[in-house]
Amino acid sequence: MEILARVHARNLTRWASDKPEVVVLSADLTSSTEVDLFRDTYPARFFSMGMAEQNMLSWAGGMAREGFVPLIHTFAVFIYRRAYDQLCNSIAYPNLRVRLFGFLPGVTTPGGATHQAIEDLAVMRALPNMTIVEVGDATDVESALDAIHDINGPVYVRMLRGEIPRLFAPTEPLRLGHARILSSGNDVTLLSSGICTEEAMRAARVLRARGLAIQHLHVSTLKPFADETVIHALTQTHYGIITLENHSILGGLGTATAELMAEHGIGKKLTRLGLRDTFIHGASRPYLMREYGLDALALVGEIEKLVNAKLDITEQDLDAVRLDATHSQAKAEAL
């Protein structure tokens, strides 16, 4: 277990060194999205578009038509709320090779409802031609660029920044369309994504010590969502299935899982943990995860209901897999 800082900044700059077609666009959030290092290293391949996301997405579409691979960097919420028309008509409809890196999804920002992307997966999953990836740790961040590079169409990446943990071995990179199997068992199947995987790992470890066999999968590809590993795990469960995500339960991992179960005739109980049709207020990430039921303790409570047993697990039992990291050093106010 280790904490690394500015993983995307360093990885992107190294990765792009032999790819002159790769250009980076920023909407007045250059340091906040960790592309200041790219800007300083490749100034001719960096474009600061100002606070004009609609223009930035249209510009990216034009550059993609000319053979460039534009990497858009901004906060997740501004990609799909502020510039959805341009996203749809200038990028997705012509199926152009644009990569959209959305930072601070869900509860990862204290910026309140205007900055919290809580329904982005629902919107982006509905958009034709769009591939969707969500990273969960430093290894995912380091391998995401390679994983998506050959996709001949747009890709939306829910990205992490600042100080983030390494949960997965560097020798086991993110694989598009393949979930990571973190533990095996047939009592409960647990699917988690993004930052919620840390919490699920904390809970699963203690639950296994209590005698429950947990099949835990970390999902990084949210569209397309047809992984045979996931389908098999959904069928091999006694009590039921739980999804845990940093997003509304409407349209994200929980919904995608329900659709997969219905299409494959998997008649198991499904519990979706996430935001329940609500906006969230500005506060720290640990507070928001506790307040809205996205943390390990909330997950344990739902599993107790699922298996109809009181397991007497406390917060003290849930030794942190996560070492509480500070916010990104990019901006003091964590925006």
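Numbering of the sequence shown is given in our numbering, commencing with residue 1483 and proceeding in unit increments. Cβ atoms here follow ideal geometry from the backbone N, Cα and C, with glycine treated the same way. Computed from a predicted model, the values in this text were never measured in an experiment.
Collapsed DSSP secondary structure at V1505 in the structure displayed: In the sequence shown, counting from the first residue as 1, residue 1505 sits at position 23. Reduced to three states, the DSSP call for V1505 is strand.
Every unbroken alpha helix (DSSP H) inside the stretch 1672-1697 [4 residues or more]: 1678-1691
CA-to-CA distance, V1782 to L1800, given in whole angstroms: Within the sequence shown, the letter at position 318 stands for residue 1800. Within the sequence shown, the letter at position 300 stands for residue 1782. The alpha-carbon atoms of L1800 and V1782 are separated by roughly 10 Å.
Span of the beta strand (DSSP E), counted from its first residue to its last, around G1722: Indexing the sequence shown from 1 puts residue 1722 at position 240. If you look at G1722, you'll find it in the beta strand (DSSP E) that goes G1722 to S1730.
Delimiting residues of the alpha helix (DSSP H) encompassing T1737: By 1-based counting over the sequence shown, the position of residue 1737 is 255. Taken as a continuous stretch (DSSP letters only), the alpha helix (DSSP H) holding T1737 covers L1735 to E1745.
Residue of Q1568, E1616, L1578 and R1690 minimising C-alpha distance to R1643: For this step, residue 1643 is matched to residue 161 along the sequence shown. With distances taken between Cα atoms, R1643 lies closest to E1616.
Whole-Å CB distance - M1641 paired with H1490, under 8 Å assumed: The residue given as residue 1641 occupies position 159 in the sequence shown. The residue given as residue 1490 occupies position 8 in the sequence shown. A Cβ-Cβ separation of about 6 Å places M1641 in contact with H1490 under the 8 Å criterion.
Span of the beta strand (DSSP E), counted from its first residue to its last, around Y1867: Nothing in the structure corresponds to residue 1867, since the chain is present only between 1483 and 1817.
N-terminal and C-terminal residue of the alpha helix (DSSP H) that N1490 is part of: Here residue 1490 corresponds to residue number 8 of the sequence shown, with the count starting at 1. The displayed chain sequence assigns His, not Asn, to residue 1490. Per DSSP, H1490 belongs to the alpha helix (DSSP H) from V1489 to W1497.
Simplified DSSP assignment, three categories, for F1560: In the sequence shown, the residue the question calls residue 1560 occupies position 78. Helix.
6 Å CB neighbourhood of L1658 in its chain, flanking five on each side removed: Translated into the one-based positions of the sequence shown, residue 1658 becomes position 176. Closer than 6 Å at the Cβ level, and outside the excluded window around L1658, lie A1629 and T1703.
Nearest-angstrom Cα separation, counted from G1584 out to S1508: Taking the sequence shown and counting its residues from 1, the one referred to as residue 1508 is at position 26. Taking the sequence shown and counting its residues from 1, the one referred to as residue 1584 is at position 102. Spanning the two alpha carbons is a distance of roughly 11 Å.
Cα-Cα separation between M1545 and G1635, rounded to whole angstroms: Taking the first residue of the sequence shown as position 1, residue 1545 is located at position 63. Taking the first residue of the sequence shown as position 1, residue 1635 is located at position 153. One alpha carbon belongs to M1545, the other to G1635, and they sit about 14 Å apart.
Secondary structure of A1599, DSSP reduced to three states: Mapped onto the sequence shown, residue 1599 falls at position 117. Looking at A1599 - three-state DSSP - the assignment turns out to be strand.
A1738 vs F1707 beta-carbon contact at 8 Å: As a position in the sequence shown, residue 1738 is number 256, starting the count at 1. As a position in the sequence shown, residue 1707 is number 225, starting the count at 1. Against a cut-off of 8 Å, the Cβ pair of F1707 and A1738 comes out as a contact.
Integer Cβ distance of R1754 from T1590, believed to fall under 8 Å: As a position in the sequence shown, residue 1754 is number 272, starting the count at 1. As a position in the sequence shown, residue 1590 is number 108, starting the count at 1. At roughly 20 Å, the Cβ-Cβ gap does not stay under 8 Å, so R1754 and T1590 are not in contact.
Own chain, CB closer than 6 Å to G1532, minus 5 neighbours either side, in chain order: The residue labelled residue 1532 in the question sits at position 50 within the sequence shown. Only D1510 meet the Cβ criterion.
N-terminal and C-terminal residue of the beta strand (DSSP E) that S1665 is part of: Numbered from 1 along the sequence shown, position 183 holds the residue referred to as residue 1665. Counting along the chain, the beta strand (DSSP E) containing S1665 begins and ends at R1662 to S1665.
Buried/exposed call for D1602, threshold 16 Cβ in 10 Å: For the purposes of this step, residue 1602 is identified with residue 120 of the sequence shown, where counting begins at 1. Classification of D1602: buried, given that the 10 Å Cβ count is 16 or more.
Secondary structure of R1657, DSSP reduced to three states: As a first step, residue 1657 is located in the sequence shown; it is residue number 175 there, counting from the start. DSSP places R1657 in coil when its eight states are reduced to three.
Identity of the residue in D1518, G1588, Y1562 and V1505 nearest L1776 by Cα: Taking the first residue of the sequence shown as 1, we reach residue 1776 at position 294. The candidate whose alpha carbon is nearest that of L1776 is G1588.
Simplified DSSP assignment, three categories, for H1714: Reading the sequence shown from its first residue, position 232 is the one you call residue 1714. Note: H1714 maps to helix in three-state DSSP.
Cβ-Cβ distance between I1785 and V1670 below 8 Å: In the sequence shown, the residue the question calls residue 1785 occupies position 303. In the sequence shown, the residue the question calls residue 1670 occupies position 188. Yes. Within cutoff.
Residue range of the unbroken beta strand (DSSP E) whose run includes G1584: To locate residue 1584, count along the sequence shown from 1; it is residue 102. R1581 to F1585 is the span of the beta strand (DSSP E), which, as asked, contains G1584.
Q1697, buried or exposed, once every other Cβ within 10 Å from all chains shown has been counted against 16: As a working mapping, residue 1697 is identified with position 215 in the sequence shown. With 16 or more Cβ atoms within 10 Å of its Cβ, Q1697 is classed as buried.
Cα-Cα separation, F1550 to P1502: Position 68 of the sequence shown, counted from the first residue, corresponds to residue 1550. Position 20 of the sequence shown, counted from the first residue, corresponds to residue 1502. The alpha-carbon atoms of F1550 and P1502 are separated by roughly 8 Å.
N-terminal and C-terminal residue of the alpha helix (DSSP H) that T1523 is part of: Position 41 of the sequence shown, counted from the start, is the residue given in the question as residue 1523. Taken as a continuous stretch (DSSP letters only), the alpha helix (DSSP H) holding T1523 covers D1518 to T1523.
Same chain, Cβ closer than 7 Å to S1572, five either side skipped, listed in chain order: Residue numbering aside, residue 1572 sits at position 90 when the sequence shown is read from its first letter. Correct list, in chain order: L1539, S1540 and G1543.
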